[in-house]
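Data block below; observations after.
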Amino acid sequence: MVARVLWYFRLSRFLGCLFIGNLSVNTMKDAVTTWKSLYTLYAVVWFSTFLAYHVVELMNTSTSVDLDKKFHRYLRFVSSSVVVAKACVNYVSFCLGSESLLEFMRSATAFEMSTFFSPVVKGRLDRRRRLFVAIYRTMLCMSFFGTFIMSVTSSIKNLLPESTPWRAVLVTALLGSKVAVFWYDFMLYVIATRCLDVLLRYLKLELTRLEASCSNNVTVTQYAQLNSASKVAAVRVNVCKIKALKAKLDKICGPAIVASSSSLLALVCLNLYRSLALDVPELELWLPIMYTLYSGLCFIEMAFVSDHLARQVSNKRL
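Counting from 1, position 43 in the sequence shown corresponds to residue 401 in this note's numbering; the numbering is continuous, with no gaps.
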């Protein structure tokens, strides 16, 4: 589990939204969550930069609303507010959930050690499914980077014209805040899907061992020494542990998932109305549409992986 999410955790920590320190693939003994440290000040600086920029951007949008009184400006202000609120909920959820997330990682590591889990390479998918996954991930990457580039371009154009003093410094701060908000928005998808994928591997391994025990073809010594009833009981216990891990993950990500689904619904409604009923400038139209596409793809994959894990558990009568 740790190997699967380590670099995402490190990036989250760099951007000030994860209070888990000393996380390593080799050992979990040194991993800690601390609030009374310099990292807290570092996290406050990151969040303040992100928040200050978006407050300025929202104020600028509000000013343009007051000046021209166009309805699509109101909708743009609402859309921007929804995105910022979603990022804030994600940030707070993972900051406050750092201790629970560390406990989840420790429980997953203990499970791997007790079951001799090995992170083997997943089996090859059939050709159609591989093609679908490749197209889906390509669309997700294109929508993510397209949204990022369009957002940065729009912000520089609206907030930092050529005559702005200290423009290079302000552009750097703007880029930093954009990277932060996009990661705060994106980390729910990354962490949730990667953790769920590993839990699904745990479950598949247990079911494989159960099938192997029925044919007396168990390769793990711990299981080979057990009789059939004990093997089934051991698998049942491990499946219950996987369910408990899933429940812990749901509790950590719950508020962020609610915010993600609510914001996606709001953005879909707003963008449909903007696209069909209003005369909106091209960049102002395509930026929220691209963001909504990216958010929708992330949410669909999270829902699919979570549902697939739940169905795998419920379909197997142990």
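Beta carbons are placed, not taken as given, at the ideal position from N, Cα and C, and that holds for glycine.
Worksheet item: If S512 and L369 are in contact, beta carbons under 8 Å, what's the gap, nearest whole angstrom?
Response: Here residue 512 refers to the residue found at position 154 of the sequence shown. Here residue 369 refers to the residue found at position 11 of the sequence shown. Under the criterion of beta carbons closer than 8 Å, S512 and L369 do not qualify as touching, at roughly 25 Å.
Practice prompt. Can you say whether C656 is buried or exposed, counting buried as having 16 or more other CB atoms within 10 angstroms of its CB?
Written response: Taking the first residue of the sequence shown as position 1, residue 656 is located at position 298. Counting Cβ neighbours within 10 Å, C656 comes out buried, since at least 16 surround it.
Item to complete: Excluding the 5 residues preceding and the 5 following I610 in the sequence, name in chain order all residues of the same chain whose CB lies nearer than 6 Å to its CB.
Response: One-based indexing of the sequence shown puts residue 610 at position 252. So the qualifying residues of the chain are G455, S458, L459.
Worksheet entry | Cβ contact (3+ pairs, closer than 8 Å) linking the region 545 to 554 and the region 658 to 665 | Touching, per the Cβ criterion.
Discussion item. Could you tell me the alpha carbon to alpha carbon distance between Y366 and I549, rounded to whole angstroms?
Written reply: By one-based count along the sequence shown, residue 366 stands at place 8. By one-based count along the sequence shown, residue 549 stands at place 191. Each residue's Cα considered, the two are about 7 Å apart.
Worksheet entry | Cα-Cα separation, V479 to M660 | Numbered from its first residue, the sequence shown carries residue 479 at position 121. Numbered from its first residue, the sequence shown carries residue 660 at position 302. For V479, the predicted model reports a pLDDT of 49, less than 50, meaning its position is unreliable; a value from the coordinates is still stated below. Rounded to whole angstroms, V479 to M660 spans 21 Å at the Cα level.
Item to complete: Taking S513 as part of the alpha helix (DSSP H), name the residues at either end of that continuous run.
Response: The residue labelled residue 513 in the question sits at position 155 within the sequence shown. Residues 485 to 517.
Discussion item. Given a cut-off of 8 Å on the beta-carbon distance, is the pair L651 and S501 in contact?
Written reply: For the purposes of this step, residue 651 is taken as the residue at position 293 of the sequence shown. For the purposes of this step, residue 501 is taken as the residue at position 143 of the sequence shown. Going by C-beta atoms, L651 is nearer than 8 Å to S501.
Worksheet item: Can you give the Cα-Cα distance for I514 and L643, rounded to whole angstroms?
Response: Position 156 of the sequence shown, counting from 1, holds the residue named residue 514. Position 285 of the sequence shown, counting from 1, holds the residue named residue 643. Rounded to whole angstroms, I514 and L643 show a C-alpha spacing of 17 Å.
Fill in: Within 8 Å, strictly: CB atoms of T398 and G534
Within the sequence shown, residue 398 is the residue found at index 40, counting from 1. Within the sequence shown, residue 534 is the residue found at index 176, counting from 1. Not closer than 8 Å, so no.
Discussion item. Taking the straight line between their C-alpha atoms, what separation do you get for V491 and Y547?
Written reply: Within the sequence shown, the letter at position 133 stands for residue 491. Within the sequence shown, the letter at position 189 stands for residue 547. For V491 and Y547, the distance between alpha carbons rounds to 16 Å.
Fill in: Stretch-stretch touch, CB-based, cutoff 8 Å, three pairs: the region 436 to 449 with the region 597 to 604
No, the region 436 to 449 does not touch the region 597 to 604.
Fill in: Burial state of Y542 (16 or more Cβ within 10 Å)
As a first step, residue 542 is located in the sequence shown; it is residue number 184 there, counting from the start. When all chains shown are included, Y542 counts as buried.
Worksheet item: For S395, which residues from the same chain have a beta carbon less than 6 Å from its beta carbon, with the 5 sequence-adjacent residues on both sides left out?
Response: By 1-based counting over the sequence shown, the position of residue 395 is 37. None.
Fill in: beta strand (DSSP E) segments (min. 3 residues) lying fully within the region 587 to 673
The qualifying runs do not exist here; there are none.
Discussion item. Once DSSP output is grouped into helix, strand and coil, what is the label at T319?
Written reply: This structure cannot speak to residue 319, because the chain is shown only from 359 to 676.
Worksheet item: For G534, does the three-state DSSP call read helix, strand or coil?
Response: Residue 534 sits at position 176 when you count from the first residue of the sequence shown. G534: helix per DSSP, three-state reduction.
Practice prompt. Classify N629 as buried or exposed, calling it buried when 16 or more other Cβ atoms lie within 10 Å of its own Cβ.
Written response: To locate residue 629, count along the sequence shown from 1; it is residue 271. That one is buried.
Worksheet item: Going straight from the alpha carbon of C598 to that of S672, what length do you get?
Response: Residue numbering aside, residue 598 sits at position 240 when the sequence shown is read from its first letter. Residue numbering aside, residue 672 sits at position 314 when the sequence shown is read from its first letter. If you draw a straight line from the Cα of C598 to the Cα of S672, it is about 12 Å long.
Worksheet item: According to DSSP, which residues form a beta bridge with V390?
Response: Locating residue 390 in the sequence shown gives position 32, counting from the first residue. The bridge partners DSSP lists for V390 are G379.
Item to complete: Go through its chain and collect everything with a Cβ distance to S439's Cβ below 8 Å, but skip five positions before and after it.
Response: Taking the first residue of the sequence shown as position 1, residue 439 is located at position 81. If we look at S439 and ignore the five residues flanking it on each side, its Cβ neighbours are L416.
Worksheet item: Do you know how far the Cα of F503 is from the Cα of Y411?
Response: To locate residue 411, count along the sequence shown from 1; it is residue 53. To locate residue 503, count along the sequence shown from 1; it is residue 145. When rounded, the distance between both Cα atoms is 20 Å.
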